[in-house]
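**Q** Residue numbers (my numbering): 2 to 351.
For each residue, glycine too, the CB sits at the ideal point set by N, CA and C.
The following block contains the structure, expressed as structure tokens.
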Ligand code: ADE
């Protein structure tokens, strides 16, 4: 069961923990900070109003019927709070949450082990569900639909199928790539398929305010506005930038004001639109190497030495949202706004 991480295991204090190397210790601290910043009550979860309202009705109705909520699918760009929603749902219904992910479930036996270890009413959270392979999807269908697990024992003519009855459970799955899910899988999320939206700058500012309070750092109003503006409409990025600006202010023995934000983010290479060096590399490759496009994903990926999935999942959602690129049948093109933005940066560097 080492692939499954559940909350009780994470918080077990009696486990012997060896001294990590320095960089791991730092990383560890960041992980705990991120945990502390994650909302653990609905009232602290800012934004995604429509999803929250739908979930409130779904969970209340299921609770009144004394039945676990139906299976749910969340999709949308990374960092918008899909995992956080799964944890909030589990907490709301008083269920234990077991967490795993598509790439962690390599074999049919891995999923069988996860499912047979569920207790009645558990929430099973599968992140990156688009990375489950077809054979595993096939055994997931009956498990989702009728709580049955079909296991084939043996091989060849003597092979036989046994059917195990699973306890009632709620599957919550998350993906950044809804288009990669087969339609039979999609259709089995009876509780609903919800798309998380980018946050508004006002919502991001509110998240920054809340996080600053938890971190015990005072942030001037203009500074939090500026961090929000460069946060890609994404809470995870907002919290990351806030932490880096806090470091900068601490080292400079200064307050976290507008000037600190500008200096800290310049050092990180985060520009006024929130683009990072790798986003700008993508834009300038389309513009300078491919005359503004259209250029196919394959070619772009080779030119940038960047995985296609990283381009599609990390860079493109935000660049599309800002209107800096367009996706056409013949490939990606840079828009006039992208030309303008990169020219503006070049001018300030001259
Ligand atoms: N941190 C990450 N997502 C958040 C959200 N939606 N509300 C508040 N804090 C968050």
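Report all residues from its chain with a CB closer than 6 Å to the CB of residue 213; omit the five preceding and five following residues, and keep chain order.
**A** Taken in chain order, the residues that qualify are 220.
**Q** Measure the alpha-carbon distance for residue 74 versus residue 201 and round it to whole angstroms.
**A** In a straight line, the C-alpha of residue 74 is about 23 Å away from that of residue 201.
**Q** Which ranges does the beta strand (DSSP E) cover as unbroken runs of at least 3 residues, wholly within the stretch 96-152, from first to last along the chain?
**A** Listed in chain order, they are 98-102, 124-128.
**Q** From the DSSP output, in three-state form, read off residue 178 for me.
**A** If DSSP states are grouped into helix, strand and coil, residue 178 belongs with coil.
**Q** Along the chain, where does the beta strand (DSSP E) that runs through residue 76 open and close?
**A** Element bounds for residue 76: 73-76.
**Q** Which whole-angstrom value is the C-beta distance of residue 1 and residue 287, which I expect to be below 8 Å?
**A** Because the chain spans 2 through 351 in this model, residue 1 falls outside it and cannot be assessed.
**Q** Less than 9 Å between the C-beta atoms of residue 301 and residue 283, yes or no?
**A** Contact: yes.
**Q** With respect to the alpha helix (DSSP H) encompassing residue 262, which residues constitute its N-terminal and C-terminal limits?
**A** Segment 259-269, the alpha helix (DSSP H) holding residue 262.
**Q** Look at the alpha carbon of residue 273 and the alpha carbon of residue 66, and state the distance between them as a whole number of angstroms.
**A** Taking the straight line joining both Cα atoms gives about 51 Å.
**Q** Tell me the residue span of the beta strand (DSSP E) that contains residue 94.
**A** Premise fails: residue 94 is in no beta strand (DSSP E) and is neither H nor E.
**Q** Helix or strand or just coil, what does DSSP make of residue 64?
**A** DSSP places residue 64 in helix when its eight states are reduced to three.
**Q** Which residue from 319, 182, 181, 315 puts its Cα closest to that of residue 231?
**A** Nearest C-alpha to residue 231: 319.
**Q** Have a look at residue 44 and residue 78 and give me their C-alpha separation to the nearest angstrom.
**A** In a straight line, the C-alpha of residue 44 is about 23 Å away from that of residue 78.
**Q** Out of 134, 160, 317, 223, which one is the CA nearest neighbour of residue 186?
**A** When only C-alpha atoms are compared, the closest one is 134.
**Q** The beta strand (DSSP E) that contains residue 186, what's its start and end?
**A** From DSSP, residue 186 is part of no beta strand (DSSP E) but of the alpha helix (DSSP H) over 184-187.
**Q** Measuring alpha carbon to alpha carbon, tell me which of 228, 323, 207 ends up nearest residue 264.
**A** The residue with the shortest Cα to Cα distance from residue 264 is 228.
**Q** In chain order, what residues of the same chain lie with their CB nearer than 7 Å to the CB of residue 63, ignoring the 5 residues before and after it?
**A** Excluding positions up to five away in sequence, the list reads 69, 70.
**Q** If you measure between the beta carbons of residue 292 and residue 333, is that distance less than 9 Å?
**A** No, these two residues do not count as a Cβ contact at 9 Å.
**Q** With hydrogens ignored, establish whether the beta-carbon of residue 82 is closer than 8 Å to any heavy atom of ligand 1.
**A** Yes; taking the cut-off as 8 Å, the Cβ of residue 82 has a heavy atom of ligand 1 nearer than that.
**Q** Residue 326: which of 203, 105, 281, 184 sits nearest, CA to CA?
**A** If we check each option's Cα against that of residue 326, 281 comes out closest.
**Q** Can you tell me whether DSSP reads residue 352 as helix, strand or coil?
**A** One cannot answer for residue 352 here, as it falls past the ends of the chain, which runs 2 to 351.
**Q** Taking the continuous beta strand (DSSP E) assigned at residue 1, which residues delimit it?
**A** It is not possible to answer for residue 1, since the shown part of the chain is limited to 2 through 351.
**Q** Between which two residues does the alpha helix (DSSP H) holding residue 237 run?
**A** Counting along the chain, the alpha helix (DSSP H) containing residue 237 begins and ends at 236-252.
**Q** For residue 259, I'd like the list of residues in its chain whose CB is within less than 7 Å of its CB, leaving aside the five on either flank, ordered along the chain.
**A** So the qualifying residues of the chain are 221, 223, 224, 227.
**Q** Just verifying my parser: in three-state terms, what is the DSSP assignment at residue 173?
**A** Strand, per DSSP.
**Q** Run the proximity test for residue 236: is its beta-carbon closer than 8 Å to any non-hydrogen atom belonging to ligand 1?
**A** Yes, the Cβ of residue 236 comes within 8 Å of a heavy atom of ligand 1.
**Q** Could you have a look at residue 315 and say whether DSSP puts it in helix, strand or coil?
**A** Correct three-state label for residue 315: helix.
**Q** How big is the Cα-Cα spacing for residue 84 and residue 98?
**A** Taking the straight line from one Cα to the other gives about 11 Å.
**Q** For residue 166, which residues does DSSP report across the bridge?
**A** BP columns for residue 166 point to 149.
**Q** On the DSSP letters alone, give me the boundaries of the alpha helix (DSSP H) that residue 300 sits inside.
**A** That run of the alpha helix (DSSP H) goes 298-305.
**Q** What I want to know is whether the C-beta of residue 329 ends up closer than 8 Å to one or more non-hydrogen atoms of ligand 1.
**A** False, no ligand heavy atom lies under 8 Å from that Cβ.
**Q** Can you tell me whether residue 85 sits near ligand 1, meaning its C-beta is under 8 Å from at least one heavy atom of the ligand?
**A** Yes.
**Q** Do residue 150 and residue 117 come within 9 Å of each other at the CB atom, strictly closer than that value?
**A** Cβ distance < 9 Å, so residue 117 and residue 150 count as in contact.
**Q** Name the two residues that bound the continuous beta strand (DSSP E) containing residue 281.
**A** No beta strand (DSSP E) contains residue 281, which is instead part of the alpha helix (DSSP H) from 278-285.
**Q** Going by DSSP, what residue range makes up the alpha helix (DSSP H) through residue 288?
**A** Counting along the chain, residue 288 falls outside any alpha helix (DSSP H), and DSSP gives it neither H nor E.
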